[in-house]
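I have placed the structure first, in the form of structure tokens, so that the comments after it can refer back to it.
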Amino acid sequence: MNAPTPGRGWLLRLVLTFAFAQTAVSMARPAVSYRALALGADETAVGIITGVYALLPLLVAVPLGRRTDHGRCTPLLVAGVALITGGCALSGVVGSLPAMAAWSGVMGLGHLCFVIGAQSIVARRSAPDERDRNFGHFTIGASLGQLIGPIGAGLLISEHDGAMARTSATALLVSAAAAACACTALWRLERRDANRGGGAAGAAAGRVPVLGILRTRGVTAGIFISLSVLSATDILTAYLPVVGEAHHIAPATIGLLLSLRAAATIACRLVMTPMLRFLGRTVLLTTTCAAAAVLCAAIAVPLPVWALALVLAALGFCLGVGQPLSMTTVVQAAPDDARSTALALRLTGNRLGQVAAPAGAGLAAGVAGAAAPFVLLGVLLLGSAAVALRAPKEAGGVRRRAGTVRRSDSRKASSGRSGA
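Per my numbering, the very first residue in the sequence shown carries number 1; after that it's consecutive.
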């Protein structure tokens, strides 16, 4: 396993490549929704296609995490970029809803491969007191992609004169090109002597049971918070275009609104360290999740564009907290030799939310209208606020390493969070 190393050039390159990959996905997701609508999909069908994006990753996340615990991470990044590129391009070429759903699933698998590999590199190369900061900076790459991607989709997609099918296909092809650009920063992200699948560490990681990881204090709470926050971001990306269609808001305006949300998330992560010092992890997570719940529910109310922009900016700031802190919570709580598996379990929870939430959102939208999914998100985020309030202030407690069980040193666990 890579030891913490001085210097942060690797982190900058990882942020850049994540920004390219996330730009592609963030441009493709609304483009898929618009293209599905142009091909005759209703709200329920859009929810199903959105859910398929997460279905295949849901099945393979844990095996990929097991492999990464005692192997190199960079091959997963390369595979992820290739799958995202292919999924985006082929989603723009096919002309049927089932085919779009299938290639959307390939895109989701690529995103999963990339994120597991990238998060594992951050966990391996960061000292305990650097993890909150490094995970926060790492997720800035995602936020940059979420800022740029929707703007690009909004500028490329047009609904005038029946051009939505053609212009949404163009946006998907452009997103494939953006994903391919991620290859330009995939160099020297991990040391050449990183674990290659053998030895005691690999055997020990293979012996740590999944249930043992899930029972470790703090892991389940981190997974649920991450699931709630990502579901909110995902449904917002997929269903704000549907809300825009219902309220006659142009695709370009919707793209700007989604990018405003992403910009607010970047601002949040830039000031996360002082917020943590001032409020503490528990108060910050609880407050932001509760506020995000209220703001999501507000989207269900018909609002003028300027008010919707204010709501989305505040929502983006609140949603910026959950993902990086849930990563650190899971890594700090997980057994030492199964951190990639624990991160994969967190991503499995994310994908489970991405399967269930869009399906539920599609059914709710079909029954109660396009605003109903945002009410459901509000309820989910209130639940995550309750979990954050009840979660242990010190993540972890029992760690397994090389087949033995030991109690973590409380000072080490505390110092691992004091730098956040």
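Backbone N, C-alpha and C fix where the C-beta goes; we use that ideal spot for every residue, glycine too.
| Query | Result |
| --- | --- |
| Collapsed DSSP secondary structure at H137 in the structure displayed | helix |
| Residue from R131, L270, L59 and T348 whose Cα sits closest to the Cα of I225 | T348 |
| Inter-residue spacing [alpha-carbon to alpha-carbon] between V283 and A385 | 10 Å |
| G202 to L343 span [Cα, whole Å] | For G202, the predicted model reports a pLDDT of 45, less than 50, meaning its position is unreliable; a value from the coordinates is still stated below. Those two C-alpha atoms are separated by around 16 Å. |
| Contact check, I151 vs M100, beta carbons under 9 Å | no |
| Cβ shell of G255 (< 6 Å), same chain only, five flanking positions each side left out | P150, I151, A153 and G154 |
| Residue from I84, A291 and L90 with nearest C-alpha to A169 | L90 |
| Residue interval of the alpha helix (DSSP H) (run including W10) | G9 to A38 |
| Beta-carbon proximity check, S26 vs G145, cutoff 9 Å | yes |
| Start-to-end residues for the alpha helix (DSSP H) that takes in E245 | V219 to A246 |
| Sub-9 Å separation of L377 and L236 beta-carbons | yes |
| R66 - containing alpha helix (DSSP H), residue span | E43 to D69 |
| C-alpha distance - P209 paired with S126, whole-angstrom precision | 25 Å |
| Test item: CB-CB of S259 and T68 under 9 Å | no |
| Spatial distance of V243 from V301 (CA atoms) | 11 Å |
| CA-to-CA distance, A356 to L55, given in whole angstroms | 9 Å |
| I116 versus M275 - alpha carbon distance | 27 Å |
| Cα-Cα separation, A182 to F20 | 5 Å |
| Assigned exposure category for D337 - 16 Cβ within 10 Å defines buried | buried |
| Pair within 9 Å by beta-carbon distance, A171 and A292 | no |
| Through-space distance from G162 to L11, alpha-carbon basis | 44 Å |
| Of the listed residues A38, L315, A372 and L240, nearest to A290 (C-alpha basis) | L315 |
| Among S228, V93 and V81, the one whose alpha carbon lies nearest that of T184 | V81 |
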